[in-house]
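Sequential numbering of the sequence shown, starting at 952, is according to my numbering.
Heads up, the beta-carbon is just placed ideally off N, CA and C, and yes, glycines get one too.
Nothing here was measured: the structure is a model prediction, and the numbers come from that model.
Comments concern the structure below.
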Amino acid sequence: MSKLRVGVIGVGHMGNYHARIYHQLKKYIDFVGVCDIRKTRANEIAALYGTKAFYNYQDLLPHVDAVNIAVPTSEHYKVAKGCLETGKHILLEKPMTRIYEDAVELIDMAEERGLVFHVGHVERFNAAVLELMDVVKGETPVFLEAKRMGPAGGRERTSGVILDLMIHDIDIILGLVRSGVAGIAAVGKKVYSKYEDIANVQLYFENGTFTTISASRVSQTKIRTLSITMPGYDIFLDYASEDVSIHRKATTSDNVVGGKMKQVQDSLVERLTVNRDNPLRLEIEHFINCIQDHEKPIYSAMDNLRSLKIALKALEITEKNLKG
């Protein structure tokens, strides 16, 4: 069987990471080339990974079976539609599009043509998240608190923190809670850009679960955490270190300490064993397997649409209340 021919469209900050993984997988796929409208950048990344440079994605399409799209979000719809029209399987970086109806159209096009359409939510493949899903399965969380914060960095921004960062946490939380969203509250603030650089979103679920999600790109400390209150125990996840700990319900007893009667609280902390791996590599391997081996996608089209719909609604509310 001939190797799957793959190309990467858009090799900026994220696209470079994707290209690196395909280069590492060249034993299993034919990494045809990279495409970027910035010729210098395309040439640089192509030379780095020993592949061919293209400057217009339409010129790449006749040579590939599948594409990995990591262009700015504003270009997602146009580029993805052009690739689907020529029968290419797609891995499209999140968020799918800025307009919900455009995302629905892309998914419908892929399904009509029998094409794999994978949306790049890399945290889904974080080993700690996979462990967490097993722990929470079948139970209803009481409260979830997500924090995703870090410095601004030097990248040009084409969106705010909700579509750039927070959508990761919205996606994971929706996967954990598995209930309809009954209400959304959101606020944000501009600091360095014309978009929200700080945002806080609260989601109220039909099953009673409540969650608060904070995202910032103006913080000097990088934080990527999720805290979950379950009936009788708490779970803490650190995305960066891929650590998961379970804090069981504490017991309180009266003990004599230093000649004085004091209350002593005992709690049990269990640290889960996590088999760490590169989440992006796992995601790309899953995309390839869905094409070559007809592996069932871990997340459905409806899962992808639901995460986008909630993120866009949170963004709409935030923009009405935007400060700065």
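Determine the burial state of residue i: buried for a count of at least 16 other Cβ atoms within 10 Å of its Cβ, exposed for fewer.
i	result
ALA997	buried
THR1224	exposed
HIS1072	buried
MET1117	buried
TYR1190	buried
LEU1219	exposed
SER1251	exposed
TYR1143	exposed
ARG1075	buried
TYR1155	exposed
SER1192	exposed
GLY1139	buried
PRO1182	exposed
HIS1119	buried
ASP1244	exposed
HIS964	exposed
GLY966	buried
GLU1063	exposed
ILE1050	exposed
SER1167	buried
GLU1052	exposed
THR1269	buried
GLU1082	buried
To which residues of the same chain is residue i closer than 8 Å at the C-beta, ignoring the five residues directly before and after it?
i	result
TYR1184	ILE1197, HIS1198, ARG1199, LYS1200
ASP1036	First, the residue type needs correcting, since residue 1036 is Glu and not Asp in the sequence shown. Closer than 8 Å at Cβ, skipping near neighbours: MET1060.
VAL983	ARG956, VAL957, GLY958, THR1002, LYS1003, LEU1011, HIS1014, VAL1015
TYR973	VAL957, VAL959, ILE980, PHE982, TYR1000, ASN1019, ILE1235
ASN1007	CYS986, ILE988
GLN975	ARG1232
GLU1157	SER1130, GLY1131, VAL1132, ALA1133
GLY1038	ARG1064, LEU1066
LYS1088	none
My guess is that residue i and residue j are in contact by the Cβ rule of under 8 Å, so how many angstroms apart are they, rounded?
i	j	result
ASP981	ALA1079	The pair is not a contact, with the Cβ atoms about 33 Å apart (cut-off 8 Å).
ILE1179	LEU1095	5 Å
PRO1023	THR1162	So it is not a contact: roughly 29 Å between Cβ atoms.
VAL1086	ILE1249	The pair is not a contact, with the Cβ atoms about 17 Å apart (cut-off 8 Å).
LEU1114	LEU1266	6 Å
VAL1169	ALA1262	That pair is no contact at about 20 Å.
VAL1067	HIS1040	4 Å
ALA1054	LEU1259	6 Å
MET1084	LEU1057	Wrong, their Cβ atoms sit about 26 Å apart, outside the cutoff.
Can you list, in chain order, the residues of its chain with a C-beta nearer than 6 Å to that of residue i? Leave out the 5 residues immediately preceding and following it.
i	result
ILE1174	LYS1098, MET1100
GLY1159	none
GLY1111	TYR1146, GLU1147
THR1176	LYS1098, ASP1189
VAL1093	THR1180
ASN901	Nothing in the structure corresponds to residue 901, since the chain is present only between 952 and 1275.
PRO1241	Correcting the residue type first, residue 1241 is Cys in the shown sequence and not Pro. Closer than 6 Å at the Cβ level, and outside the excluded window around CYS1241, lie VAL1067, PRO1248.
ARG1222	SER1196
With 9 Å set as the bound, which would you pick, yes or no: does the beta-carbon of residue i sit closer than that to a beta-carbon of chain C?
i	result
GLU1193	Reference to chain C is not applicable here, since this structure consists of a single protein chain.
So, for residue i: in the same chain, excluding its five sequence neighbours on each side, which residues have a beta-carbon less than 7 Å away from its beta-carbon?
i	result
TYR968	LEU1231
LYS1264	ILE1135
VAL1030	ILE960, TYR1008, ILE1020, VAL1022
LYS990	TYR1006
ASP1228	ALA1078
GLU1090	MET1181
Under 8 Å from any heavy atom of the ligand SAM, does the C-beta of residue i make it?
i	result
ASN1019	The ligand content of the structure shown is nil, which means the ligand SAM is not present either.
* Which residue spans inside the segment 1036 to 1106 form an unbroken beta strand (DSSP E) run of at least 3? -> 1040 to 1044, 1068 to 1071, 1094 to 1100
* the segment 1125 to 1139 / the segment 1028 to 1045 touching (three or more Cβ pairs under 8 Å) -> no
* Which ranges would you report for the beta strand (DSSP E) in the segment 1227 to 1275 if only whole runs of at least 3 residues count? -> none
* Which whole runs of the alpha helix (DSSP H) in the segment 1106 to 1190 are 4 residues long or more, in chain order? -> 1118 to 1128
* Asked: In the segment 987 to 1020, which residue ranges form an unbroken alpha helix (DSSP H) of at least 4 residues, counting only runs that do not cross its ends?
  -> 990 to 999, 1008 to 1011
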